[in-house]
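Just so you know, the protein sequences line up as chains A and B, in that order. Residue numbers for the first sequence follow my numbering, beginning at 404 and rising by one. Residue numbers for the second sequence follow my numbering, beginning at 77 and rising by one.
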Amino acid sequence: MSKHSRARSTNRHGHPIVELEQVRLAVNGIPVIRSVTLSMNEGEFVLVLGPNGAGKTTLLKLINGLLLPSGGEVRVFGEGLTSATAKQIRRRIAYLPQDITVDTRIPITVREVVSIGRLAHKPLMARFTDRDRGIADEAMDLVGIAELATRPFGHLSAGQKQKVSLARALSQQAEIMLLDEPLSNLDPRAQRDVCDTIDCIHGETGKTILLVTHLLETVPRSADRAMIMRQGTFAGKVDIAKIYDDRFRRSLYSGLAETGSLTGPQGTKP
Amino acid sequence: MIEALSYKFMQHALLAAIIGGAGCGVIGVWVILLRIPFIGVAMSHAAFAGAIVGLLTGVSPLLLGLLACIGAAALVGPAADRTDSDPNLSLGIIFSILVGIAFLGMGLMKGPKSEALSLLWGSILTLGASDIWLLTIATCVAIGFSVLFYHELRAIIFSRLIAKSTGIPEKALFYALLFICGITITLNLNTIGGLLIFSLIVNPPSAAFQITYSLGRMLVYSVLFAVASCLIGLIVSYLFNAPTGAVIVLVSGVILLVSVAFSPKRRRRKAA
């Protein structure tokens, strides 16, 4: 059993690590998140499915303190998220934003991108140690990009870039990973490849993962549960056993087409 | 030319070319990679306008230039933070106002305007020992900042959002960088002039950007290109009795054109 697998076996179904209690957020008076309540246990893998504009990205930003709620409470690692605690909490959460725009000619290699995760644990002006380099190499090994280490980041395909981002998140050694649409802008083969990588990360490390996506064709297979989000709130939950069934997914899609949301006869209140 | 090196003013000019060039080369890398050249342009003209107002009012041009530059950084810095609007419009307005202030100040000056013109075109041959010391301090601050915060700055140029979400104080470092950029620009006003200084901040790192995929090498090449531009420009302008600042900028432009012509990145784009 690898050390990551051991970590998973101790963390699985642990105590609540993310708790949102009737969280609300309004931007310029317009409600973006309306009364969201969510509890995630340590080691749990939760999918949040929903159309564009449902508030999924905002939800992730509220959990890692990039945004603070207008109402309700966000607790992470048992600690209330405030402007005073956000910075420290953020270091323990790896965040993969959606569609970061990086100039393809930017002078940065894959190893250097992965090493950014190590900065979460270092004071300002610190140098990387052999341990940091070892952790970054281990992260690249786990996601299968070790051979790309010295390549310029801009030379990679979209799927490879997403794997580099996952390795960066891993090198941060954060307890929680927040993945924002990690499969968008990828072709179907790359989507499956990245999904497999996410499954591998969850299987090997047992990290708590919250993945939001509007795509249903390809979702990681190791998720513990799935929720539906629309118009800034959870609209129901999806039977995780069915989500990998093509017919069920098609019915979810038709629900989306008919109602503008992913709810329908399949969705049930959380 | 060798004989000229025995003169104090020429020794000062050479030192200024090397030290000032190095400072501009380092700062320029971050300005280019953060994609904030217009902020730099606005700041260099703020320094110029502040110095002109200083000459007009009898207050130290250096002090007012520095204050104006810092003020501009505080004013235009948030424009780069905004993602919901294009900062170029507000920067364009600020830039035009600053140029208006500078030229109004020059127009209101009585008597010879040689000091004001030297701020406009630069006067590298008239620099004194104190100017060289100030340049040295500014360049040391720029290089020191870049070396000490190298990893953090590299994360910020990759993605400010990722840097922030990793716990890096990206906003504080961004504003510190603008502040150091302002100091470097202000103290180089006498060397190359307010109208041309920003070319020296943009051209050498742009040339370095074309020929390497390594940030460390880009910093080194940028410094080398900036220092070479200053030295070659100084020598050529001395030999042909031409305005030094203008020749320095033209040399940096030639280096940029050559690097673009031989850029592996350009060949890669063509192949793609």
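The C-beta atom is built at its ideal place from N, Cα and C for all residues, glycine as well.
In terms of beta-carbon proximity, Met580 of chain A stays away from the interface with chain B, with every pair separated by 8 Å or more.
Ranked by how close their Cα comes to the Cα of Cys145 of chain B, the residues B:His121, B:Leu132, B:Thr133, B:Ala205 have B:His121 in first place.
Around the beta carbon of Asn455 of chain A, a 10 Å sphere encloses fewer than 16 other beta carbons of the protein chains shown; the residue is thus reported as exposed.
Under DSSP, Tyr498 of chain A takes part in a beta bridge, and its partners are A:Leu581. As far as DSSP is concerned, Leu545 of chain A takes part in no beta bridge. The Cβ of Leu237 of chain B sits closer than 8 Å to at least one Cβ of chain A. Closest in C-alpha terms to Thr133 of chain B, from the list B:Thr260, B:Ser206, B:Leu180, comes B:Leu180. At least 8 Å separates the CB of Glu584 of chain A from every CB of chain B. Within the region 232-256 of chain B, those residues whose Cβ lies closer than 9 Å to any Cβ of chain A are, in chain order, Ile233, Phe234, Ser235, Leu237, Ile238, Ala239, Lys240, Ser241, Thr242, Gly243, Ile244, Pro245, Leu249. Against chain B, the CB of Arg494 of chain A has a partner CB under 8 Å away; the residue lies at that interface. Judged by DSSP in its simplified three-state form, Gln576 of chain A adopts coil rather than helix or strand. Gly126 of chain B is classed as buried because its beta carbon has at least 16 other beta carbons within 10 Å across all chains shown. For Lys84 of chain B, no CB of chain A lies under 8 Å from its own CB, so it is not counted at the interface with that chain. By the neighbour-count criterion, in which a residue is buried when 16 or more other Cβ atoms sit within 10 angstroms of its Cβ, Ile232 of chain B is buried.
Within the same chain, Leu471 come within 7 Å of Ser486 of chain A by CB-CB distance, once the 5 residues on both sides are set aside. At a C-beta separation below 8 Å, Phe225 of chain B has these neighbours in chain A: Leu527, Met528.
Note: Ile436 of chain A is bridge-paired with A:Leu428 in the DSSP secondary-structure output. Judged by DSSP in its simplified three-state form, Ala638 of chain A adopts strand. The alpha-carbon separation between Lys189 of chain B and Ala178 of chain B amounts to approximately 13 Å. For the pair Val641 of chain A and Leu452 of chain A, the Cα-to-Cα distance works out to about 9 Å. Contact annotation: Gly258 of chain B and Ala149 of chain B have beta-carbon atoms nearer than 8 Å.
Residues of the region 288-307 of chain B with a C-beta less than 9 Å from any C-beta of chain A: Thr288, Tyr289, Ser290, Leu291, Gly292, Arg293, Met294, listed in chain order. About 20 Å separates the CB atoms of Ala577 of chain A and Val513 of chain A; that is not less than 8 Å, and the two are not in contact. Identification of residues in the region 276-288 of chain B having a C-beta nearer than 8 Å to some C-beta of chain A yields Phe285, Thr288, given in sequence order. Under the three-state reduction of DSSP, Leu452 of chain A is assigned to strand. Secondary-structure assignment with DSSP links Leu229 of chain B through no beta bridge to anything. Think of a sphere of 7 Å around the beta carbon of Lys341 of chain B: the chain A residues whose beta carbon falls inside it are Arg508, in chain order. Where Ile604 of chain A is concerned, the enclosing alpha helix (DSSP H) starts and stops at 591-608. Close partners of Gln575 of chain A in chain B (Cβ separation under 8 Å): Thr242.
Counting along the chain, no alpha helix (DSSP H) covers Ala629 of chain A; the unbroken beta strand (DSSP E) around it starts and ends at 628-633. For Glu447 of chain A, there is no enclosing alpha helix (DSSP H), since its DSSP letter is neither H nor E.
Contact check for Ala542 of chain A and Ala497 of chain A: beta-carbon distance about 10 Å, past the 8 Å limit, so the pair fails to qualify. Ranked by how close their Cα comes to the Cα of Gly243 of chain B, the residues A:Thr488, A:Asp540, A:Ile436 have A:Thr488 in first place. As for any beta strand (DSSP E) of minimum length 3 sitting wholly inside the region 191-267 of chain B, there is none. Residues of the region 459-479 of chain A with a C-beta atom less than 8 Å from some C-beta of chain B are Asn467, Leu469, listed in chain order.
Annotation: the continuous alpha helix (DSSP H) that includes Thr460 of chain A extends over 459-466.
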